[in-house]
Amino acid sequence: MKILVVGAGLFGAVSARELALKGHQVDVIERRDHIAGNIYTENVHGIQVHRYGAHIFHTSNKAVWDYVNQFATFNRYTNEVVANYKGELYSLPFNMNTFYQMWGVTTPDEAQAKIAEQRAVLGGKQPANLEEQAISLVGTDIYEKLVKHYTAKQWGRDPKDLPAFIIRRLPVRFTFDNNYFNDPYQGIPIGGYTQIVEKMLDQPNIHVKLHTDFFAKRDQYLADYDKVIFTGMIDQFFDYRFGELEYRSLRFETETLAKDNYQGNAVINYTDAATPYTRIIEHKFFEFGSGEKGQTVITREYPQPWHKGVEPYYPVNNQENNHLFTKYRDYARANAQNVVFGGRLGLYRYYNMDQVIGAALELVQKPNLFEK
Ligand code: FAD
């Protein structure tokens with residue numbers, strides 16, 4: 001079969017590789033000037049810079065972990081985030097260290113009692129929005145200092161107007177454990193993520209073309225290939241016929257500094273209202289301070305509204321948008337049978353990397369989908 005994969009991100013790369021291994025001829029087109037989509041990393045002074053924001057691989061899925069480990073050696077990086085609220089420093093995710101820093105409490109019983117006392121402002125009712133959900137989980141002090149403004153900056157909305165589910169899975173621990181993720185497998189690929197995608201695409205029957213936008217020759221592509229795997233925006237694919245899905249965008253400001261150590265941690269979140277960015281990443285600390293001596297690279301992350309022409313980083317999965325997405329999905333099933341939509345933008349879903357790999361592996365195994 002002749003297959004076109006639109007997008008050389010992780011979803012495109014895993015599906016291209018697996019289909020090539022099954023003997024199909026696979027062409028991959030990518031509109032950016034590089035492969036790897038948002039997991040792209042580049043070497044600056046021996047430091048792997050995550051061009052599209054901090055990417056930490058974490059998973060509970062052993063099969064996915066084994067799969068990705070074929071393409072790189074992972075270090076034992078553990079994500080331990082620090083929050084800076086007007087110069088006060090707190091450990092994230094919320095755990096006994098945070099409760100001690102906030103209230104001086106030293107035992108889980110004391111921390112739970114403090115949260116219960118502050119939760120009383122809700123009057124026992126079920127949380128109806130993100131603000132109430134956060135107060136119910138961690139109390140009013142932590143909400144005010146660590147959740148409220150950060151969330152408002154991230155989503156461009158008052159937390160009162162955001163659904164509770166966004167933070168329902170937020171880790172809250174009554175142990176002294178700063179590990180951001182609960183997953184048993186976690187790390188950063190030594191030498192960066194780009195090599196993973198490079199190796200995936202390194203097959204004799206895969207051909208990659210950069211600087212190539214699907215929409216420039218859409219009809220020709222659809223005529224020339226037996227199947228198209230499309231990892232771009234599903235609403236754009238259908239010319240926004242039912243309206244635009246909503247996304248959140250980001251602006252990254254990256255600087256190389258002539259010093260060894262700027263902030264002493266890979267990720268520091270700024271949780272006050274006055275600081276316009278949400279976090280600063282110091283890339284060398286994903287690989288324990290590797291790179292040239294006397295150099296460091298930092299990136300400030302500014303959330304932005306999405307509009308046509310800027311990158312759509314996060315789908316905004318509220319009820320209204322999810323409903324609109326199902327319209328596109330149903331329309332695709334009826335009208336675009338040779339096109340398979342995949343990945344973060346094709347399925348309009350906030351996928352982590354492990355979920356993207358899992359979904360692509362599942363797709364290529366679907367019986368009859370890739371047979372003439
Ligand atoms: P993408 O990486 O977006 O790839 C899609 C590709 O398609 C892009 O390269 C795009 O240019 C191309 N494309 C789109 N339209 C067209 C077109 N018309 N023609 C040609 N090419 C096109 N996940 C984690 O597991 N851990 C993390 O710590 C983490 N942090 C993240 C931080 C940020 C800021 C963001 C935005 C995401 C993060 N993720 C993280 C999620 C991770 O980036 C995604 O799971 C993964 O990159 C999705 O892969 P994809 O192939 O679906 O999409």
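In this text, residue positions in the sequence shown follow UniProt numbering: the first is 1, and each later residue adds one.
We treat Cβ as the ideally placed atom computed from N, Cα and C, and that holds for glycine.
Outcome for residue i when other beta-carbon atoms lying within 10 angstroms are tallied against a minimum of 16
i      : result
Leu92  : buried
Lys308 : exposed
Tyr40  : buried
Gly192 : buried
Glu18  : buried
Glu132 : buried
Val197 : buried
Lys62  : exposed
Pro159 : buried
Arg51  : buried
Val310 : exposed
Thr73  : exposed
Tyr90  : buried
His323 : exposed
Lys145 : buried
Supposed close pair residue i, residue j - CB separation, criterion 8 Å
i           : j      : result
Asp27       : His207 : 5 Å
Ile29       : Lys148 : Their Cβ separation, rounded to whole angstroms, is 43 Å, which puts Ile29 and Lys148 out of contact at 8 Å.
Val267      : Asn79  : 7 Å
Asp354      : Thr59  : 4 Å
Gly342      : Phe57  : Wrong, their Cβ atoms sit about 19 Å apart, outside the cutoff.
Ser352      : Val81  : Here residue 352 turns out to be Asn, not Ser, going by the sequence shown. Incorrect: roughly 16 Å between the Cβ atoms, too far for contact.
Ile229      : Val44  : Wrong, their Cβ atoms sit about 32 Å apart, outside the cutoff.
Ile47       : Thr98  : That pair is no contact at about 29 Å.
residue 389 : Trp65  : Lying outside 1 to 372, the shown extent of the chain, residue 389 is not represented and no answer is given.
Lys155      : Tyr247 : The residue you asked about is not Lys; residue 155 is Trp in the sequence shown. Not a contact, Cβ separation roughly 12 Å.
Thr254      : Val49  : 7 Å
Tyr77       : Ile188 : 4 Å
Asn265      : Phe285 : 6 Å
Gly139      : Ile115 : 4 Å
Gln25       : Asn318 : The pair is not a contact, with the Cβ atoms about 40 Å apart (cut-off 8 Å).
Ala20       : Gln236 : Not really, about 26 Å apart at Cβ, beyond 8 Å.
Ile298      : Leu345 : Actually they are not in contact, since the Cβ atoms of Ile298 and Leu345 sit about 28 Å apart, beyond 8 Å.
Which residues DSSP lists as bridging residue i, in chain order
i           : result
Tyr314      : Arg248
Pro305      : Arg248
residue 381 : Residue numbering for the chain in the displayed model covers 1 to 372; residue 381 lies beyond these limits and cannot be assessed.
Phe230      : Val6 and Phe341
Glu253      : Arg300
Phe288      : Paired residues: none, contrary to the question.
Ile115      : Its beta-bridge partners do not exist; DSSP assigns none.
Leu92       : Val81
Val208      : Val28
Under 8 Å between C-beta atoms of residue i and residue j
i           : j      : result
Thr296      : Lys259 : yes
Asn95       : Asp177 : yes
Glu287      : Ile190 : yes
Leu250      : Gly53  : yes
Phe71       : Met200 : yes
Asp226      : Met1   : yes
Pro303      : Thr271 : no
Leu122      : Leu170 : no
Leu361      : Tyr150 : no
Phe252      : Glu282 : no
Leu347      : Ser15  : no
residue 398 : Ala83  : Limits of the chain in this structure are 1 at one end and 372 at the other, which puts residue 398 out of reach.
Phe214      : Ala111 : no
Asn321      : Leu245 : yes
Thr194      : Glu42  : yes
Tyr221      : Leu4   : yes
beta-carbon residue i near the ligand GDP non-hydrogen atom, thresh 7 Å
i      : result
Asp213 : This structure lacks the ligand GDP; its bound ligands are the ligand FAD.
Could I get the ranges of all uninterrupted beta strand (DSSP E) runs contained in the stretch 12-90, with 3 residues as the minimum, in chain order?
-> 25-29, 41-44, 47-50, 57-59 and 81-85
Along the chain, which unbroken stretches of the alpha helix (DSSP H) at least 4 residues long are found entirely within the stretch 126-201?
-> Correct list: 130-142, 148-155 and 194-201.
Contained alpha helix (DSSP H) runs [length at least 4] in the stretch 332-357, N- to C-terminal order | 343-346
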